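A short worksheet on the structure shown next.
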Amino acid sequence: MRPLADSASLRMDTRPRSRAVTHWHTLPLLLSVAMLLLTMAAPLSAATSAQEIEPRGEQAEDPPAPEEGAQAALQDAPVQEFETPGSDWSPPSRVYLPETGHTLDQLFLDLWRNAGGASSFGYPITAEIEQPNGHIVQYLQYARFEYWPEGDASGNQVILGKIGEELRPMTVQRPMTSAGADPGDTSSAVEAARFAQAWLPLAEDDVRASATYIAETRHSLRLGFLDFWERTGGADFLGNPLTEEYDLAGVTYQMFERGQLARENEGDPYMVPIGRRLAEKYGLDQSPIAQGDVPTYSEELWVPPVTPTPESTPTITTGFVPGGGELWMDVNLTTQYMIVYQGDRPILETLVSTGRDKFATPPGTFFINTKIDVQDMEGVLGGESYNVPSVPWVMYFTDVGHAIHGAYWHNNFGSVMSHGCINLPVDVAEYLYGITTVGVRVEIHY
64 MRPLADSASL RMDTRPRSRA VTHWHTLPLL LSVAMLLLTM AAPLSAATSA QEIEPRGEQA
124 EDPPAPEEGA QAALQDAPVQ EFETPGSDWS PPSRVYLPET GHTLDQLFLD LWRNAGGASS
184 FGYPITAEIE QPNGHIVQYL QYARFEYWPE GDASGNQVIL GKIGEELRPM TVQRPMTSAG
244 ADPGDTSSAV EAARFAQAWL PLAEDDVRAS ATYIAETRHS LRLGFLDFWE RTGGADFLGN
304 PLTEEYDLAG VTYQMFERGQ LARENEGDPY MVPIGRRLAE KYGLDQSPIA QGDVPTYSEE
364 LWVPPVTPTP ESTPTITTGF VPGGGELWMD VNLTTQYMIV YQGDRPILET LVSTGRDKFA
424 TPPGTFFINT KIDVQDMEGV LGGESYNVPS VPWVMYFTDV GHAIHGAYWH NNFGSVMSHG
484 CINLPVDVAE YLYGITTVGV RVEIHY
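In our numbering, the protein residues as written are 64 to 509.
The following block contains the structure:
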């Protein structure tokens, strides 16, 4: 929400600008995007990581023997310096929700995250819409977020829209005998009458003993709807009731100022997507939008990186010397730490981010089999879409999509973040890509 607040955004200036692919065999786009396990996606199906694809790139061969005299050159090897990871970290100000193909940003994102997320409001179904009065609104499945630059009577600028009132019928009539005679009658005329009559206000004396009367709107609450209303914050969340309970097609409903509840066969109440109903009523565009470089929503995006220490800051102790011994990588999944060796001499150390939850990076001995210096990733994994441009310095080490690559979309190195890949700071990935050849050994362990 650009008009709402100034908020730091993800740093994108560290991406490589070149799109030239190295002389190694390029990875077919369909296969690469189908299985690249990116940090940006929301939780994906565990079955995805087991999908088989064809081997890619040049196959590993025995590492070259050290060149004669190379060891003597170690003392003159250059030392590479890297930016300290997390030094200017900030959480995202905008995220993409693949469930509906829309984004939330800044103040609307803060409200959504801090007040219950999808369980309270559903997912966004429209873009932000500027109103003639200067207000900005966005429809979600269960709600409408509104930004009032001037503030409401209490000074609040971000509020929940009173969408229930916008579904009030044009006319409300007193009960007719024919409308209430048969509770099982589901004809459209009878159900329309039931809906309209539910809006009629009650006098407190008319409320049944088992119900709670809400004087502000002159309606009552009882049983499951009352319990749900009280547990979720009462009037602060749903607002006060605008109707009594009413039955349509075997489902019991009740309308509130900011939402609607339903239950079936005396079961637990649930939210009704009246935000979508209103968006359809007003003819609003609900088409998904392209993700672009907006990160996919995950609470891990708000996890600050580990505070760097001299031991955790990416360093090179002596530097790489061509022909100076076997180059190989050691990745510790427990400490989220990588050490790159030449022979038995460490030449680079850095924090990494490996797979989380059900998408753990596989332990074992692997070899780099394909290198691609930059790759656009777009596709659907686990039913969720993503579009991540310019993933830099990609080095595949399995034939099912696991890779070592730079990650410009987060700075949480030292914490598990990915869906199986090994994320590196972009400058570290660039350096490692430059000294690595197909066939380099990768040891991964706990």
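Beta carbons: idealized from backbone N, C-alpha and C, even for Gly. Computed from a prediction, not measured in an experiment: that's the story for all the values here.
Taken in chain order, the whole alpha helix (DSSP H) runs of length 4 or more contained in the stretch 313-357 are 337-344. Excluding residues up to 5 positions away in sequence, Asn432, Thr433, Ala466 lie with their Cβ nearer than 6 Å to the Cβ of Tyr459 in the same chain. At least 8 Å separates the beta-carbon of Gln204 from that of Pro358. Straight-line spacing of the CA atoms in Arg408 and Phe383 works out to 10 Å. Contact annotation: Val454 and Val437 have beta-carbon atoms nearer than 8 Å. If you draw a straight line from the Cα of Glu327 to the Cα of Tyr309, it is about 12 Å long. Annotation: Tyr333 to Ala470 spans about 39 Å, alpha carbon to alpha carbon. Looking at the DSSP output, Leu223 sits in a beta bridge with Phe208. Under the DSSP assignment, Leu396 falls outside any beta strand (DSSP E); it carries neither an H nor an E label. With distances taken between CA atoms, Thr397 lies nearest to Arg419 out of Gly287, Gly387, Arg419. Counting the other CB atoms within 10 Å of its CB gives Gly197 a total below 16, which places it among the exposed residues. Here Arg504 is bridged, per DSSP, to Trp391, Phe430. Counting only the Cα atoms, Asp299 lies some 15 Å from Glu209. The DSSP-derived three-state label of Asp310 is strand. Excluding five sequence positions before and after Arg271, the CB atoms of its chain that fall closer than 8 Å to its own CB belong to Ser283, Arg285, given in chain order. Ranking Ala353, Ile507, Val200, Leu324 by CA distance to the CA of Thr461 puts Ile507 first. Under the DSSP definition of a beta bridge, Gly418 partners with Ser481.
A contact between stretches requires three or more CB pairs, one per stretch, nearer than 8 Å, and the stretch 221-230 meets this requirement with the stretch 304-322.
Within 10 angstroms of the beta-carbon of Asn219 lie fewer than 16 other beta-carbons, which makes it exposed. In the displayed model, Ala466 falls within a strand according to three-state DSSP. One Cα belongs to Phe291, the other to Asp331, and the distance between them is close to 9 Å.
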